[in-house]
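A.B. asks: This is the structure I want to talk about, given as structure tokens.
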Amino acid sequence: MKKQLAAVNDFVVKFANVNGSGSASANTLFAKSIMRMGVPVSPRNIFPSNIQGLPTWYEVRVSERGWLGRRGGVDLMVAMNPQTWNEDVKEIAAGGYLFYDSTKPMPASKFRDDITVIGMPLTQICNRTYTDARQRQLFKNIIYVGALSALLDIDPEAIKKLIAEQYRGKEALLDSNIKAFEMGRDYARAEFKCPIGLRCEARDAVGDQVFLEGNSAAALGAVYGGATVCAWYPITPSSSVAEAFERHCKKFRREPETGDARFAIIQAEDELASIGMVIGAAWNGSRSFTATSGPGISLMQEFIGLAYFAEIPAVIIDVQRGGPSTGMPTRTQQSDVLSCAYASHGDTKHVLLFPEDPREAFELTALAFDYADRLQTPIFVMSDLDIGMNERLCKPLTWDDSKVIDRGKVMTAEMLDAGTAFGRYLDVDGDGIPYRTYPGTHPKSGAYFTRGTTKDRMAKYSEAGPDYIENMERLLKKFETAKSILPAPMRHQNQVATRIGVMYYGSTSPAMEEAFELLQEDGIVVNGLRIRAFPFHEEVEKFVAAHDVVFLVEQNRDAQLRTLLMTECEMDASKLTPVLHYDGTPITARFIAGAIAVKLGAKNAQAQRSAAGNS
Amino acid sequence: MTYIAKPKLNHPQAAVNTLGFTRRHYEGTISTLCAGCGHDSISGAIIQAFFELSIEPHRVAKLSGIGCSSKTPTYFLGGSHGFNSVHGRMPSVLTGANLANRDLIYLGVSGDGDSASIGFGQFGHSIRRGVNMLYVVENNGVYGLTKGQFSATADQGSKSKKGAINSDSPIDLVSVAMQLGATFVARSFSGDKTQLVPLLKAAIQHKGAAFIDVLSPCVAFNNHGGSTKSYDYLREHNEAVNRLDFIPKRDEITTDYAPGTVEDIEQHDGSVVRLHKVAEDYDPYDRIAAMNYLQAHAAAGELVTGLLYLDREPEDLHAHLGTVKAPLNSLGDKELCPGAKALDAINASLR
Chain A
1 MKKQLAAVND FVVKFANVNG SGSASANTLF AKSIMRMGVP VSPRNIFPSN
51 IQGLPTWYEV RVSERGWLGR RGGVDLMVAM NPQTWNEDVK EIAAGGYLFY
101 DSTKPMPASK FRDDITVIGM PLTQICNRTY TDARQRQLFK NIIYVGALSA
151 LLDIDPEAIK KLIAEQYRGK EALLDSNIKA FEMGRDYARA EFKCPIGLRC
201 EARDAVGDQV FLEGNSAAAL GAVYGGATVC AWYPITPSSS VAEAFERHCK
251 KFRREPETGD ARFAIIQAED ELASIGMVIG AAWNGSRSFT ATSGPGISLM
301 QEFIGLAYFA EIPAVIIDVQ RGGPSTGMPT RTQQSDVLSC AYASHGDTKH
351 VLLFPEDPRE AFELTALAFD YADRLQTPIF VMSDLDIGMN ERLCKPLTWD
401 DSKVIDRGKV MTAEMLDAGT AFGRYLDVDG DGIPYRTYPG THPKSGAYFT
451 RGTTKDRMAK YSEAGPDYIE NMERLLKKFE TAKSILPAPM RHQNQVATRI
501 GVMYYGSTSP AMEEAFELLQ EDGIVVNGLR IRAFPFHEEV EKFVAAHDVV
551 FLVEQNRDAQ LRTLLMTECE MDASKLTPVL HYDGTPITAR FIAGAIAVKL
601 GAKNAQAQRS AAGNS
Chain B
1 MTYIAKPKLN HPQAAVNTLG FTRRHYEGTI STLCAGCGHD SISGAIIQAF
51 FELSIEPHRV AKLSGIGCSS KTPTYFLGGS HGFNSVHGRM PSVLTGANLA
101 NRDLIYLGVS GDGDSASIGF GQFGHSIRRG VNMLYVVENN GVYGLTKGQF
151 SATADQGSKS KKGAINSDSP IDLVSVAMQL GATFVARSFS GDKTQLVPLL
201 KAAIQHKGAA FIDVLSPCVA FNNHGGSTKS YDYLREHNEA VNRLDFIPKR
251 DEITTDYAPG TVEDIEQHDG SVVRLHKVAE DYDPYDRIAA MNYLQAHAAA
301 GELVTGLLYL DREPEDLHAH LGTVKAPLNS LGDKELCPGA KALDAINASL
351 R
């Protein structure tokens, strides 16, 4: 008898669709219904740089254990796109399942012997039921969700409830969607053996977690962080940050009496103008930010240097994608680390924050505005496509109401009236951070000239060597101060003593969490350190010193964070072993554990995991 | 001369404005530009305009890009915050600054290289957004700081100091500004302070995107025969269509001109622009007619100056965005942060 995969709450379903066919909302419905059964899911959009016609995929990992990284491999393929049929069928794991639209007969050669094939005449059913072309297309998606609910034993009530929430107030749409859903479900129950080997069972493993996208979360962080000005230029995968900011602001930032906007959002003519506006607004005392991706960072270089040298706060949310050049606009990478850390000509260094998921994108973006004001410098929030454009289960967002906005060292009219000496670039208390005044503060004192040219501590133009050196050294001191302000790394300490360490950051986190367990299962004991900020906290150097081998897991080709560590901490290169994944897909636990095992010379199942995971 | 500090003493009988300030309150450090530079005359006109309007210097933010013209903000309004940004990008910095605090007066100073070449895009986009500002281009058709290369406003066929002939078409910033929706557009000549000062005053009070193209000869690199931006050439070809008086709200309006040649235009703040028509057929409120007039006279080799276009009902970027009356930079935690309770509701909607 043919082998059939069997698993409860632990499998991967992949939907192969055509972009623009309305599949996205049906697929989300599928993922959310499992989540409503108390079983964690992590869906990922794999999409082309296209609006209509090209292939798009939606991969849902169901994991009762709560593993939210991409797993790799596919157990059930919902093949709705003839264009990608061959590759889609090939990707199914041995013993897996293929669900497809059987309206048009397919030759036997198009299938595989080692998988279970479930054909349902979706187009035929739709054509029979609906006359309108658009309806035939849209309801096809809901019908297959209905069929899948039977095949995978998903609670139909959970789905109906979700549909009801989606179409609240639009009764006609609600009824027709429920009808389509039930049509699909009834057909599957009548025609197929339900459930298949893969099935869902209700659990209580989701708890109070929330399900949201990183870009929306970062935008909400900007609202909570007090940002009033957003200037941006559309670029995948960051555009939805600005769009979400507008949505959140319309809800939370209207003056109650007048309805007037307590925010200003400008879609600029390019990234240069975006960052210019951000700098102008921040210079004038408004918290401001832009959201962009790698190509935008390249364009902003000159202005970032100005903000560094003239000491103007700015928050830049970089939703990284595959580079260089236009690269892979719709794929994920962590390849802007160096171009952000050392952005602009001359000697510069910038603060980077590395959120691990949407929750941290919220938290760190909100904090970034405090850091920017306190340090008077640009702050980069290094998100990426995997975090930004996928819904992810996270702990609920939290906010401490006792926290107040920290505007840093701003000299007020009262302070000036009291006779406080003001020098814009004067280090009054040894932390390298000077006081600034907002334009318009005081009729007699506090005005100064901001410039990108060199100046003395009183902000007067000066090309004198000693003035230049003093200023540049003070900027270094300020960077040192940043270390004590920025979020400390998170330690994953093993109970068993070990001399092997793993460092990682950003969106690698969920895969790494799982990889720790895979390594453990195979007898490889490691400690972990998740880096959350640059400049590096002293814990980072201590961690490296405390281990003989340190693997550094990154999603780029050139081990960029390793370069940063070697340069900034003068670390021994031979001690830092890169583990690199950069094909544009999110990194997997199988890949990490496999690569580490291979590098450690372990000859066990890890090598196979590596091969499976690095697809 | 640049090493000589300005004397600290004021003349005891120096004229004061309604704030009790003398012109000295509106000056900056001494200019480091070449003696005879048109830009210094413009700085003088800016000082005069703010002095006469009795505007507190600290309520002005002056922004510039890079180049000779962009250096000038240090030479006026020493009590204002200034921002010498990056080449060609002053408009975006000014736009951001304006968004943060709508209560200040924004003066952008730029040059023809800064605005017509590297910054042509930002120039255009700040105008079309209707940023409430006065945007002054000190236009000499040449790159001064890098020693005499043509800029994008240099006329076709004009000759550089080294004898090269410019073969590219010039960009006329006035025409572009009108095309893109500036609500106050003027052209003047740095050597004609009687025309320039009232134009500056009216533009400062204008609540919208005001643009003034000021032809300003470069004595070092563009003041020779064959140049179309030299003092001699400009004096010869300057065709003023009108002359202005600017009467602030508080001043009494007296009429001492023959009707038909004078027109008073009341602005939103109650101030009055008094227009003395020189060319009777010029209508500065008709944008299309004004653009036609400019093109026709440019073709005839005439440089039309004066108030070229005025929208009597201007709107600015804040009006377009519907922002609150209070400056955004004055909002505090209470207005900005929705708080923990709102976040609980958000969490509940994400399950």
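Residue numbers (this note's numbering), protein chains in the order written: chain A, 1 to 615; chain B, 1 to 351.
Using N, Cα and C, we set each Cβ at its ideal position, and we do this for glycine too.
All values derive from a computational prediction rather than experimental measurement.
Taking a Cβ distance cut-off of 9 Å, strictly less, list which residues of the segment 218–236 of chain A are near chain B, in chain order.
C.D. replies: Under the 9 Å Cβ criterion, the segment 218–236 of chain A contributes L220, V223, Y224, G225, G226, A227, T228, V229 and A231.
A.B. asks: In the DSSP output, what is R530 of chain A paired with across the bridge?
C.D. replies: Looking up residue 530 of chain A in the first sequence gives position 530. According to DSSP, R530 of chain A bridges with A:M490 and A:Y504.
A.B. asks: Using the Cα positions of R407 of chain A and G225 of chain A, report the straight-line distance between them to the nearest angstrom.
C.D. replies: If you number the first sequence from 1, residue 407 of chain A lands on position 407. If you number the first sequence from 1, residue 225 of chain A lands on position 225. One C-alpha to the other measures close to 11 Å.
A.B. asks: How is the beta strand (DSSP E) around K62 of chain B delimited, first residue to last?
C.D. replies: Taking the first residue of the second sequence as position 1, residue 62 of chain B is located at position 62. Here the beta strand (DSSP E) through K62 of chain B covers V60 to S64.
A.B. asks: Along chain B, which residues have their Cβ under 9 Å away from the Cβ of F303 of chain A?
C.D. replies: Position 303 of the first sequence, counted from the start, is the residue given in the question as residue 303 of chain A. S85, V86, R89, S92 and V93, listed in chain order.
A.B. asks: Measure the alpha-carbon distance for V579 of chain A versus F30 of chain A and round it to whole angstroms.
C.D. replies: In the first sequence, the residue the question calls residue 579 of chain A occupies position 579. In the first sequence, the residue the question calls residue 30 of chain A occupies position 30. So the alpha carbons of these two residues sit roughly 34 Å apart.
A.B. asks: Is the CB of D333 of chain B under 8 Å away from at least one CB in chain A?
C.D. replies: Here residue 333 of chain B is taken as the residue at index 333 of the second sequence, counted from 1. Closer than 8 Å: yes.
A.B. asks: Looking only at C-alpha atoms, which of A:D113, A:M80 and A:A79 sits nearest to A94 of chain A?
C.D. replies: The residue labelled residue 94 of chain A in the question sits at position 94 within the first sequence. Per the Cα distances, A:D113.
A.B. asks: Along the segment 264–280 of chain A, where does the CB come closer than 9 Å to a CB of chain B? Name the residues.
C.D. replies: Those residues of the segment 264–280 of chain A that come within reach of chain B (Cβ to Cβ, closer than 9 Å) are A264, I265, I266, A268, E269, D270, L272, A273, S274, I275, G276, M277, V278, I279 and G280.
A.B. asks: What's the gap between the Cα of G96 of chain A and the Cα of P338 of chain B?
C.D. replies: Along the first sequence, one-based indexing puts residue 96 of chain A at 96. Along the second sequence, one-based indexing puts residue 338 of chain B at 338. Near 48 Å, if we compare the C-alpha coordinates of P338 of chain B and G96 of chain A.
A.B. asks: Pairing CB atoms from the segment 81–92 of chain B with CB atoms from the segment 232–244 of chain A, are three or more of them under 8 Å?
C.D. replies: At 8 Å Cβ cutoff, the stretches do not touch.
A.B. asks: Pull up the distance between the alpha-carbon of R23 of chain B and that of S31 of chain B, whole angstroms please.
C.D. replies: As a first step, residue 23 of chain B is located in the second sequence; it is residue number 23 there, counting from the start. As a first step, residue 31 of chain B is located in the second sequence; it is residue number 31 there, counting from the start. Rounded to the nearest angstrom, the two C-alpha atoms are 16 Å apart.
A.B. asks: Using a Cβ cut-off of 8 Å, pull out every chain B residue sitting near L306 of chain A, in sequence order please.
C.D. replies: As a first step, residue 306 of chain A must be located in the first sequence, where it is residue number 306. By Cβ distance, chain B contributes S85 and V86.
A.B. asks: Between which two residues does the beta strand (DSSP E) containing L352 of chain A stretch?
C.D. replies: Position 352 of the first sequence, counting from 1, holds the residue named residue 352 of chain A. L352 of chain A -> beta strand (DSSP E) spans V351 to L353.
A.B. asks: Given that E255 of chain A touches chain B, what residues does it touch there, using C-beta distances under 7 Å?
C.D. replies: The residue labelled residue 255 of chain A in the question sits at position 255 within the first sequence. Those are V324, listed as they occur along chain B.
A.B. asks: I'd like to know whether the C-beta of W399 of chain A is nearer than 8 Å to at least one C-beta of chain B.
C.D. replies: Taking the first sequence and counting its residues from 1, one reaches residue 399 of chain A at position 399. So, interface residue.
A.B. asks: Pull up the distance between the alpha-carbon of G169 of chain A and that of I178 of chain A, whole angstroms please.
C.D. replies: Here the question's residue 169 of chain A lines up with position 169 in the first sequence. Here the question's residue 178 of chain A lines up with position 178 in the first sequence. Distance between the alpha carbons of G169 of chain A and I178 of chain A is about 14 Å.
A.B. asks: With 8 Å set as the bound, which would you pick, yes or no: does the beta-carbon of A133 of chain A sit closer than that to a beta-carbon of chain B?
C.D. replies: Your numbering for residue 133 of chain A matches position 133 in the first sequence. So no, A133 of chain A is outside the interface.
A.B. asks: So within the segment 107–165 of chain B, which uninterrupted alpha helix (DSSP H) runs reach at least 4 residues, ignoring any that extend past its ends?
C.D. replies: Taking only runs of at least 4 residues, the alpha helix (DSSP H) segments lying wholly in the segment 107–165 of chain B are 120–129.
A.B. asks: Can you give the Cα-Cα distance for I524 of chain A and V13 of chain A, rounded to whole angstroms?
C.D. replies: By one-based count along the first sequence, residue 524 of chain A stands at place 524. By one-based count along the first sequence, residue 13 of chain A stands at place 13. In a straight line, the C-alpha of I524 of chain A is about 30 Å away from that of V13 of chain A.
A.B. asks: Which residue wins for smallest C-alpha separation from L299 of chain A, given the options A:A282, A:S286, A:F289 and A:S325?
C.D. replies: To locate residue 299 of chain A, count along the first sequence from 1; it is residue 299. Out of A:A282, A:S286, A:F289 and A:S325, A:S325 has the C-alpha closest to the C-alpha of L299 of chain A.
A.B. asks: Spatial neighbours of R631 of chain A within its chain, please: C-beta separation below 8 Å, excluding the five flanking residues on both sides.
C.D. replies: Residue 631 of chain A is absent from the structure shown; chain A starts at 1 and stops at 615.
A.B. asks: Please report how far the alpha carbon of Y167 of chain A lies from the alpha carbon of T56 of chain A, in whole angstroms.
C.D. replies: Working through the first sequence from its first residue, we reach residue 167 of chain A at position 167. Working through the first sequence from its first residue, we reach residue 56 of chain A at position 56. Straight-line Cα distance between these residues: approximately 25 Å.
A.B. asks: May I ask you to report which of helix, strand or coil DSSP gives F536 of chain A?
C.D. replies: Taking the first sequence and counting its residues from 1, one reaches residue 536 of chain A at position 536. F536 of chain A: coil per DSSP, three-state reduction.
A.B. asks: So which residues on chain A does A100 of chain B lean against when the C-beta distance must stay under 7 Å?
C.D. replies: Here residue 100 of chain B is taken as the residue at index 100 of the second sequence, counted from 1. Under the 7 Å cutoff, chain A gives V229, A281, N284, G285 and S286.
A.B. asks: Pick out whichever of A:A218, A:I51, A:G296 and A:I405 has its Cα sitting closest to the Cα of P234 of chain A.
C.D. replies: The residue you call residue 234 of chain A lines up with position 234 of the first sequence. Checked all of A:A218, A:I51, A:G296 and A:I405; the closest Cα to P234 of chain A is A:G296.
A.B. asks: Going residue by residue through the segment 302–341 of chain B, where are the continuous alpha helix (DSSP H) segments of at least 4 residues, counting only ones entirely within it?
C.D. replies: Runs of the alpha helix (DSSP H) inside the segment 302–341 of chain B: 317–321 and 333–336.
A.B. asks: Starting from E165 of chain A, trace the alpha helix (DSSP H) in both directions and tell me its first and last residue.
C.D. replies: Within the first sequence, numbered from 1, the residue matching residue 165 of chain A stands at position 165. Segment P156 to Q166, the alpha helix (DSSP H) holding E165 of chain A.
A.B. asks: Between which two residues does the beta strand (DSSP E) carrying E239 of chain B extend?
C.D. replies: The residue given as residue 239 of chain B occupies position 239 in the second sequence. Taken as a continuous stretch (DSSP letters only), the beta strand (DSSP E) holding E239 of chain B covers N238 to A240.
A.B. asks: Using a C-beta to C-beta distance shorter than 8 Å, which residues of chain B count as neighbours of V404 of chain A?
C.D. replies: Working through the first sequence from its first residue, we reach residue 404 of chain A at position 404. Result: D333.
A.B. asks: Is there contact here, the segment 299–315 of chain B with the segment 230–240 of chain B, by at least three beta-carbon pairs under 8 Å?
C.D. replies: Enough Cβ pairs lie closer than 8 Å, so yes.
A.B. asks: Under a three-way DSSP split, which group does I247 of chain B fall into?
C.D. replies: What you label residue 247 of chain B is simply residue 247 of the second sequence in a count that begins at 1. It is a strand residue.
A.B. asks: Counting only the same chain and skipping the five closest in sequence on each side, list residues whose C-beta sits under 6 Å from that of V18 of chain A.
C.D. replies: Position 18 of the first sequence, counted from the first residue, corresponds to residue 18 of chain A. Counting only Cβ-Cβ distances below 6 Å, and skipping sequence neighbours, we find N81.
A.B. asks: Can you pull the chain B neighbours of R451 of chain A, defined as C-beta to C-beta under 7 Å?
C.D. replies: For the purposes of this step, residue 451 of chain A is taken as the residue at position 451 of the first sequence. Chain B residues near R451 of chain A: N84.
A.B. asks: Rounded C-beta distance between V404 of chain A and D333 of chain B? I'm assuming under 8 Å.
C.D. replies: The count along the first sequence starts at 1 and reaches residue 404 of chain A at position 404. The count along the second sequence starts at 1 and reaches residue 333 of chain B at position 333. Between D333 of chain B and V404 of chain A the Cβ distance is about 5 Å, and since that is below 8 Å, they are a contact.
A.B. asks: With H, G and I counted as helix, E and B as strand and the rest as coil, what does DSSP make of T18 of chain B?
C.D. replies: The residue you call residue 18 of chain B lines up with position 18 of the second sequence. T18 of chain B: coil per DSSP, three-state reduction.
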